[in-house]
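Below you'll find the structure, written out as structure tokens, and then a few comments.
In this note's numbering, the protein residues as written are 3 to 725.
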């Protein structure tokens, strides 16, 4: 029988699939369709978004007015009916304490969440189909107040993910010239959200790009009518400017989202790499010796640029990165790296046992039963082995892996990587083609444990560190000349003196001169202290609109976990206003997508915040992240930074308990220790004693397996090879 299909979301296979976006129903392996009852649909939606959860808490949410015994019995009956509805196939599993989905990837809302977080936007849109669909559409839970409040937030989160995926996918198709496919997405978006100017502008532009000026103007008239009738507003200036271009009919309009003049791309990425000849020779020597390469230097010295240029000369490469804030969340850096590679190479098939073990840090891979705790040496070795296998398989098509900002990598990710690294050297010693690594980090900022690993590699002759120094005056002149900015070359000597030859400082100073119309004038008499780029970035931040500055501050506090979908909810603005502000930040080269253009820019944004404002924003961010079922340790961080220790402590303990169940025990130990310290500070002494006992238990488990999980650098570096 031909499998049915919802949008691009296939329902073929041997398992039942769950649809809770739009009409809640089950799809069978042979095209069967079964409507879901209200509470069953809510249970599946909750587990799809929140992950494994307390059975008692779920029963209380679904039957808030029933005695505990009745609620538990109701839950048993609900699970039985759900199993019967799916032909005897278990969709939910659990024990006396917890419930979890058997296969989260078979639940559309869970698939939407994981693919959006991985920025796999095409797959995200397949999860919801072309027309989208509200979470648990047609259901209300007025008789379940807590569940109703959760559903309101969850629906807003889903809407944000769908908008984010549509926007990114339309822009990707448009830039690639596939205007018909982009138009189809925009039309579906406009049908679902007719009042969205974002969708309307895409419609207008895409109709015009296809040569249908009449359809473009008709789309505008329809949008204007909806805005006036439904919201009582007129179109934004950006929309009116786009329509004026269409009416002129003289050129095909491109996206323009802010009246701010965009800075030239040459000051974001100078066209030519200069002044790095000596460093390049050192990299060549290390490459020929088969060594792992480390590039170290001051912030802004051009480590990433050099790594990318060198890798390009040597073969196929991919890039992963650490971000500030990773150190607070175990395996955050490694999980991001794996998601990056899974998005790049979606056809790579990981063995089932590897997927099972990695689901501890990548829940979207969890297609098996609840995992046992890592409370034995054998279990922990299996987990680390899975990471090593995944590292190899996900880079099969790459010659080189660049890891950027290694100083931010969390300790758990670093340990896992260095556990896997000897296997790569062993592969090279057997004559196979090994994956090569180039790691970049700020000089003097490596954590002690990471630095110890690097030193051992250096002592064994397996690695080389290339230190980047400032550019000479001649290097600055060549860099400025290549950027092609009228009047800039006349300032080269002053730029060298002012910036000390730091490439990023040169770029930021030129941005300041551009924005103050000073390039064609004499060198300014007064500039902020030259030893730091922060003051110049602060001046650029001051020229932002109030909302754009707030967006930048939100992104700085959210750090590695910032998503554009957070902006409307946290800052309580419309999606259109949020989009305008985010485009302004990109135009000013503050943000690039969902990350800062440079760490120093983020640091400047943080430095400009006052404590009261920072605490308030942390609190609002924590509230929004709770709706998104963010990691418990992340929620603890934001509540504690907001000054709400009483809200943060339960999340911190929940993180410790969760880590103890599914991760190596040292991760849980660190969180128990932090919780104990906070408890002592707030006078909760008995609770602190229990937390310290839990910490001791976890550290004992960790020490028992520790020696067997340390990498052994016994092999010498393989002979150099070329492709």
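Built from N, CA and C at the ideal position, the CB exists for glycine as well.
Just so you know, these numbers come straight off a predicted model, no measurement behind them.
Worksheet item: Can you tell me whether DSSP reads residue 2 as helix, strand or coil?
Response: In the structure as shown, the chain starts at 3 and stops at 725, and residue 2 therefore has no counterpart that could be examined.
Item to complete: Could you tell me the distance, in whole angstroms, from the CA atom of residue 355 to the CA atom of residue 405?
Response: 26 Å
Worksheet entry | Given 8 Å, three or more beta-carbon pairs between the stretch 387 to 394 and the stretch 411 to 421 | yes
Worksheet item: Any idea which residues DSSP pairs residue 443 with across the strands?
Response: 298
Item to complete: Would you mind listing the beta strand (DSSP E) stretches within the stretch 76 to 163 that are 3+ residues and don't spill past its ends, in chain order?
Response: 94 to 96 and 100 to 103
Item to complete: Assess, as a yes-or-no matter, whether the stretch 601 to 614 is touched by the stretch 581 to 588 under the definition of 3 or more beta carbon pairs within less than 8 Å.
Response: no
Worksheet item: Run through DSSP, which three-state label would residue 376 get?
Response: coil
Worksheet item: Using 8 Å as the threshold, is the stretch 283 to 298 in touch with the stretch 513 to 529, meaning 3 or more CB pairs across them?
Response: no
Worksheet item: Would residue 47 pass as a contact of residue 22 if the rule is Cβ separation under 8 Å?
Response: yes
Worksheet item: In its own chain, which residues sit with a C-beta less than 7 Å from the C-beta of residue 561, not counting the 5 before and 5 after it?
Response: 325, 326 and 327
Fill in: Distance between beta carbons of residue 482 and residue 490, contact taken as under 8 Å
5 Å
Discussion item. I'd like to check one pair, residue 126 with residue 137: are the Cβ atoms closer than 8 Å?
Written reply: no
Discussion item. Quick check on this structure: which residue in 272, 37, 215 and 688 has the alpha carbon closest to the alpha carbon of residue 245?
Written reply: 215
Discussion item. Looking at the secondary structure, which residues open and close the alpha helix (DSSP H) in which residue 403 lies?
Written reply: Taken as a continuous stretch (DSSP letters only), residue 403 belongs to no alpha helix (DSSP H), being part of the beta strand (DSSP E) at 402 to 406.
Worksheet item: Do residue 361 and residue 352 have their C-beta atoms closer together than 8 Å?
Response: no
Worksheet item: What is the DSSP secondary structure of residue 325, counted as helix, strand or coil?
Response: coil
Discussion item. For the alpha helix (DSSP H) containing residue 36, name the first residue and the last one.
Written reply: Per DSSP, residue 36 belongs to no alpha helix (DSSP H); it is in the beta strand (DSSP E), 35 to 37.
Fill in: Buried versus exposed call for residue 527 [16 or more other C-beta atoms within 10 Å across all chains shown]
exposed
Worksheet item: Going along the chain, which residues of its own chain have a beta-carbon closer than 6 Å to the beta-carbon of residue 626, five neighbours each way excluded?
Response: 568, 571 and 572
Practice prompt. Determine the extent of the alpha helix (DSSP H) in which residue 28 is found, giving its start and end residues.
Written response: Here residue 28 belongs to no alpha helix (DSSP H); instead the beta strand (DSSP E) covers 27 to 29.
Fill in: 7 Å CB neighbourhood of residue 475 in its chain, flanking five on each side removed
495 and 498
Item to complete: Would you give the residue range spanned by the beta strand (DSSP E) that residue 19 belongs to?
Response: 19 to 21
Discussion item. Given this structure, state the Cα-to-Cα distance separating residue 435 from residue 441, to the nearest angstrom.
Written reply: 19 Å
Worksheet item: Does the beta-carbon of residue 237 have 16 or more other beta-carbons within 10 angstroms, so that it is buried, or is it exposed?
Response: buried
Item to complete: Within 10 angstroms of the Cβ of residue 20, are there 16 or more other Cβ atoms? Answer buried if so, exposed if not.
Response: buried
Practice prompt. Kindly give me the distance between the Cβ atoms of residue 675 and residue 53, rounded to whole angstroms, as I take these residues to be in contact under 8 Å.
Written response: Contact doesn't hold; Cβ gap of about 25 Å is too wide.
Discussion item. I'd like to know whether the C-beta atoms of residue 156 and residue 596 end up nearer to each other than 8 Å.
Written reply: no
Item to complete: Classify residue 248 as buried or exposed, calling it buried when 16 or more other Cβ atoms lie within 10 Å of its own Cβ.
Response: buried
Discussion item. Give me the residue from 695, 162, 505 and 565 with the minimum Cα distance to residue 277.
Written reply: 505
Fill in: C-alpha gap between residue 540 and residue 610, whole angstroms
7 Å
Discussion item. By alpha-carbon positions, which one of 205, 226 and 399 ends up nearest to residue 218?
Written reply: 205
Worksheet item: Do you know offhand how far residue 577's Cα is from residue 145's?
Response: 31 Å
Worksheet item: Would you say residue 616 and residue 559 are within 8 Å of each other, going by their C-beta atoms?
Response: yes
Discussion item. For residue 198, tell me which candidate among 176, 212, 209 and 168 has the shortest Cα-Cα distance.
Written reply: 168
Worksheet item: If you compare alpha carbons, which of 706, 101, 343 and 554 is closest to residue 117?
Response: 343
Worksheet item: DSSP beta-bridge partners for residue 589?
Response: Answer is none; residue 589 lacks a bridge partner.
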